[in-house]
Amino acid sequence: MAFWGCHVLKCKVLLRDSTFLVKRWYEVKRQAFGSSFDDSLVKQYATGELYSNALEKCNDGICGGTVGWLRSKGCYYTYDFSNINQIVSFDPSGSSPSITVNVTEQLTLHGPRSAGCGTPTQTYQKNVTYWFKKESGNWKISNRN
Numbered sequence: 017m018a019f020w021g022c023h024v025l026k027c028k029v030l031l032r033d034s035t036f037l038v039k040r041w042y043e044v045k046r047q048a049f050g051s052s053f054d055d056s057l058v059k060q061y062a063t064g065e066l067y068s069n070a071l072e073k074c075n076d077g078i079c080g081g082t083v084g085w086l087r088s089k090g091c092y093y094t095y096d097f098s099n100i101n102q103i104v105s106f107d108p109s110g111s112s113p114s115i116t117v118n119v120t121e122q123l124t125l126h127g128p129r130s131a132g133c134g135t136p137t138q139t140y141q142k143n144v145t146y147w148f149k150k151e152s153g154n155w156k157i158s159n160r161n
């Protein structure tokens, strides 16, 4: 039986894996972009553009992605909560399946105001789409918008 254009069991497994990865990513962000800067977690769950943006990309002469910028500026994030409210859509097709979730998150950027940090706590709710790629037999998040 086909479901979202694929076999029901395959789609259920992919939906379960995708949901797990996104939930885990919100947990990983606390440590990767928090004061501990645990980039090993990013390496475990991210690939492609998401990985590059978090750990490699250069901006304004500062390399190392978001983590590098935070480190160089003496800044870090804390996350009061990150809630996935619902799955908005799921597309299991092709080599890069995607899932769109509605998320509510509350975070604070700590650090020197002179570096562009030290901002008030922000709360937002939005839909975020995540794309996945298989790397060495394991699904990882390759991009988001």
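Residue numbers (the numbering used here): 17 to 161.
We put the CB at the ideal spot given by N, CA and C, even for glycine.
Contact check for Q138 and L123: beta-carbon distance about 6 Å, within the 8 Å limit, so the pair qualifies.
For the stretch 40-121, the full-length beta strand (DSSP E) segments reaching 3 residues or more read 92-107 along the chain. Within 10 angstroms of the beta-carbon of D76 lie fewer than 16 other beta-carbons, which makes it exposed.
For N154, the enclosing beta strand (DSSP E) covers residues 154-160. When DSSP states are grouped into helix, strand and coil, T137 belongs to the coil group. The Cβ atoms of A48 and L57 lie closer than 8 Å to each other.
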